[in-house]
Amino acid sequence: MARSHFQGGHRGLAAAADGKFGRFGRMFEHLEGPEFEPTALAALAETMIKADDGKFFNEADSDENIFLPAGYTYFGQFVDHDLTLDSTSIGEQESDPDAIDNFRTAALDLDCVYGNGPGGDLVIYDSNFKFRLSTHRIAATPAPTSGHVRTQFDHRRDSSEIAMIGDPRNDENVIVAQLHQAMTQLHNKVLDTPALMGEIPADHHHRSERFRRAARVTRWHYQWLIVNDYLKRICMPEIYHDIVNPGGTPRIRYYPKAAEVATYPYLPIEFSAAAYRFGHSMVRPSYALNAQTGVQQGPPPFTRKPIFHDGAGSKGDLRGFRIMPKGWGIDWGYFFELPGEAPAEQLGSGTLQPAYRIDTLLVDPLRLLVNPDLLARPAIERNLAYLNLLRGSRLRLPTAEQVALEMNVGSFPAARFPLLSPEQIWSAGSRNSAPFNEQSDDEGINIARDLRRPLAGQFAGNTPLWYYILREAEWYGTRDVGDAPGLPSHQRGVNDMLGGHHLGPIGSTIILETFLGLLLADPGSYIHQAGWRPMVPITDDPANFELKHLISWALT
C-alpha cells in the first residue's frame, strides 16, 4: 500500500513548544553596516510619512496597489506573528542579533494559533481538541445577500477582555484577530470533514491522532498559500521564479550557508528588521469592514474605520485587546476577491479595498503610534518609520550597497537588476516616471522628491536597508496597468507612472530566501511531501488555490 503523506512522525505543536526557541542571526555574516546618527534617521523618517487621511470610500486613490487586495497586508502580519516574538522593547534592544531570543519557533507551523497544543493550552481547546469558539456575535445585521463570507463571532475572552488564543498579539487589531479566527475555524472544519481525516476513527480514544492530522492538513495548506499565493503576489516575478523554481527544488544561496553555523532554524535580521517590514507601507489609514461599518459618508478617515486615531480612544478605531463591537464582523469581500462574490471590476473602485503600494511612504497615523509604552515619549520616538530605521541602525544591518555588492556575484538573480543610482535612491517615482528634473502628475511624488534630495549626502554610499527595499519596490515594482482588473479610466494615467506593486530584487531575494529556507529546514513542511497538493474539498483546483478560497471554505 502506498505510504500516506500523513503517516509517520509528527513534528508536533506540543513537542515544538518543549524544544528550543529560535534566535535571530545574520544572512550575510561578514556584512555589518554603520550605526547612523539618530538625527539623520529622524530627518529621513519625517520624509516617509504622508500627511493624508486617505480618500472617501469608493473614491479612486493613487496610493492604492491595484493588484493586491488589502487582506494580504494583514495576512503578512499574521505570518510575522507565527515566526517572531522579540520581547525586548525599542529601548532595550540589543545590537547583537545572536543575543536576542525569538519566543516563537522559527518555522511556519502556526504555533501562534495552536499555542502549546491541547496538552498545554486546554483553555483554548475542548475535550475533542477542537478550538473553543465564542458565542458573542459580531456579524453585521441585517445579513447581506447570500454568498457573502463573514466572521460571525468574536474570540472567547477572559474578565479583562484578553482573547483566549494561542498568541495574544493576534488580537492587536480587528483585522488580524478575525484572520486568526478563520484559522481556528479551518482547523475545526478539517476535524469535522471525513474526506480530510482519512481512516482515523472519530472517537474520543483517537482524539490526539485526529488532532495531529487536522493540524498537519491546516499547516500544509497555510504553507502552500504562503509560497504559491502570498509570495507570488508580493515578490518580483523574475526573482520569484528563479528562487522558488516551481516544479523543482527551490534555489536558495545564502540562507543555507548561514544556517550551517546555527544549531536550529533562525531568522535573519536582514529579514526581520528590514525586508519583512515592507508591509508597514501597505497599511491604509482606515478600512471598511462590511456594508454597515466603515462605508459612511464624511471627511476621511471617518468614511472608513481608522486603524487608530490619536486622542480618539480605541472605541471607534480598529485597535484590539477588547470585546469587538457588534456589527464589526468582517465581510471578507471587502478584503479579498472572494470566489463568486466581489466582481473583479470593483478592485480599486468599489467594495474590495486594495492594499497601499509598497513604497517609501507610510500613512499619517503611523507618525504617532498609540502603544501605551510610547505615549510619554517625544513625537519622533512614536514615528514608526523612525523606530524601524533606529532598529536597523542599532543592529548594524548591512547597507543596501553592501548587500547589492554581495548579490552581484556569480549567477545570483538580483545581479540582473542594477543597484539604484544615488539620484534614483533619493528621488521618487518609478522607472516609468518622468525624468527626475521634471514635475510628476502626482503631487505626492514631487513633495517626496523635494524632501529627500537634501538627505542624499548624509547617507552617501550607506543607504539604510529598510528604506532602500521600499525605494527599490517603488522603482522596480511596476506592472502593466492594462492587466489590472477594472481599473477606472481616471486612475489609469497616474498608475501608469507608479510602482510599488511588488518588491524589488533585493527585498524579494531576502524574503524568498528566508521563507524557502525555513520550509526546507523543516522536515515536516509540505515542501518535503513529494506530490502533495491542496486537497478536496478545501479546493477542487489546487493549481489556482489562493487565500480567498481557504477563508471561504473555513467560514462557510
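So for the sequence shown, the working numbering puts the first residue at 5; every next one is plus one.
From the three backbone atoms N, C-alpha and C, an ideal C-beta is built for every residue, glycine too.
Along the chain, where does the alpha helix (DSSP H) that runs through residue i open and close?
i: ILE473; result: 469-480
i: CYS239; result: Careful: CYS239 lies outside any alpha helix (DSSP H) and carries neither H nor E.
i: THR518; result: 509-525
i: GLN406; result: 404-411
i: PRO122; result: Counting along the chain, PRO122 falls outside any alpha helix (DSSP H), and DSSP gives it neither H nor E.
i: TYR226; result: 211-229
i: GLN428; result: 426-429
i: PRO198; result: 198-201
i: GLU550; result: Note, GLU550: premise wrong, no alpha helix (DSSP H); not H, not E.
i: ASN450; result: 447-456
i: GLY396; result: 388-398
Pull up the DSSP beta-bridge partners for residue i, would you.
i: SER290; result: PRO310
i: TYR270; result: DSSP output for TYR270 lists no bridge partner at all.
i: ALA46; result: BP columns for ALA46 are empty, so no partner.
i: ARG323; result: ASN177
i: ARG154; result: ASP335
i: LYS54; result: VAL367
i: ARG136; result: BP columns for ARG136 are empty, so no partner.
i: ARG161; result: ALA167
i: PHE28; result: LEU271
i: ARG141; result: PHE157
i: TYR129; result: PHE135
Sorted by chain position, which residues of the same chain lie with C-beta nearer than 7 Å to residue i's C-beta, five sequence neighbours on each side aside?
i: LYS552; result: PHE340, GLU341, LEU342, PRO343
i: GLN97; result: Here GLN97 scores only 45 on pLDDT, less than 50, and its place in the model is too uncertain to base an answer on.
i: PHE135; result: ILE128, TYR129, THR188, HIS191, ASN192
i: ALA46; result: ILE384, TYR390
i: ILE555; result: VAL153, ALA186, TRP336, PHE340
i: PRO122; result: TYR129, PHE133, PHE215
i: GLY324; result: ASP175, GLU176, ASN177, VAL178, ALA181
i: ALA103; result: Low confidence applies to ALA103: its pLDDT is 43, below 50, so where it sits in the model is not reliable, and the reading given next is rough at best. None.
i: LEU424; result: ARG475, GLU476, TRP479
i: LEU2; result: As displayed, the chain neither begins before 5 nor continues past 560, which places residue 2 out of reach and without an answer.
At what residues does the beta strand (DSSP E) containing residue i begin and finish?
i: TYR360; result: 358-360
i: LEU72; result: 68-73
Among the residues of its own chain, which have a CB less than 6 Å from the CB of residue i, if the five just before and after it don't count?
i: VAL180; result: TYR78, GLN81, PHE82, ASN174
i: ILE311; result: LEU322, PRO369
i: MET187; result: VAL117
i: PRO382; result: none
i: ALA432; result: ILE449, ALA452, ARG453
i: LEU35; result: PRO402, GLN406
i: LEU378; result: ARG386
i: PHE40; result: SER397
i: ASN294; result: ALA144, ASP335
i: SER529; result: GLN227, LEU523
i: ASP125; result: GLY119
Apart from the five residues on each side of it in sequence, which residues of its chain come closer than 8 Å, Cβ to Cβ, to residue i?
i: MET411; result: ALA418, ALA419, PRO509, ILE510, THR513
i: VAL231; result: VAL248, PHE519, LEU520, LEU523, ILE531
i: LEU482; result: Residue identity differs from the one stated: residue 482 is Thr in this sequence, not Leu. So the qualifying residues of the chain are SER434, ARG435, ASN436, LEU502, GLY503, HIS505.
i: TRP557; result: LEU190, LYS193, PRO541, ILE542, THR543
i: LEU393; result: PHE40, LEU45, LEU48, ALA49, PRO468, TRP470, TYR471
i: LEU112; result: VAL83, ASP86, LEU87, ARG223, TYR226, GLN227, ILE230, PHE519, LEU522, LEU523, ASP526, SER529
i: GLY566; result: Any question about residue 566 goes unanswered here, given that the chain covers just 5 to 560.
Rounded to the nearest angstrom, how far is the Cβ of residue i from that of residue j, given a contact under 8 Å?
i: LEU579; j: ASN177; result: Here the chain comprises residues numbered 5 to 560, so residue 579 is not present and cannot be evaluated.
i: PRO402; j: GLY37; result: 5 Å
i: PRO73; j: ALA359; result: 7 Å
i: ARG223; j: LEU114; result: 5 Å
i: MET572; j: ILE362; result: Outside the shown range of the chain, which is 5 to 560, sits residue 572, and nothing can be said about it.
i: THR307; j: TYR471; result: Not confirmed; about 31 Å, so no contact.
i: ASP171; j: HIS284; result: No, ASP171 and HIS284 are not in contact; Cβ-Cβ is about 20 Å, not under 8 Å.
i: LEU564; j: THR51; result: Only positions 5 to 560 of the chain appear in this structure, which leaves residue 564 out of reach.
i: TRP430; j: LEU409; result: That pair is no contact at about 19 Å.
i: LEU366; j: ILE53; result: 6 Å
i: LEU507; j: ILE238; result: 6 Å
Regarding residue i and the ligand SAH, is the C-beta to nearest heavy atom distance less than 6 Å?
i: ALA477; result: Although the ligand SAH was asked about, the structure shown includes no ligands whatsoever.
Stretch-stretch touch, CB-based, cutoff 8 Å, three pairs: the segment 515-529 with the segment 216-236: Because the criterion of three Cβ pairs below 8 Å is met, the segment 515-529 and the segment 216-236 touch.
Does the segment 535-549 come close enough to the segment 272-279 to have 3 or more Cβ pairs within less than 8 Å? The segment 535-549, when compared against the segment 272-279, does not touch it at the 8 Å Cβ threshold.
Specify whether the segment 327-337 and the segment 157-168 touch according to this definition: at least 3 beta carbon pairs, one from each stretch, less than 8 Å apart. The segment 327-337, when compared against the segment 157-168, does touch it at the 8 Å Cβ threshold.
Is the number of C-beta pairs between the segment 205-216 and the segment 239-246 that are closer than 8 Å three or more? At 8 Å Cβ cutoff, the stretches do not touch.
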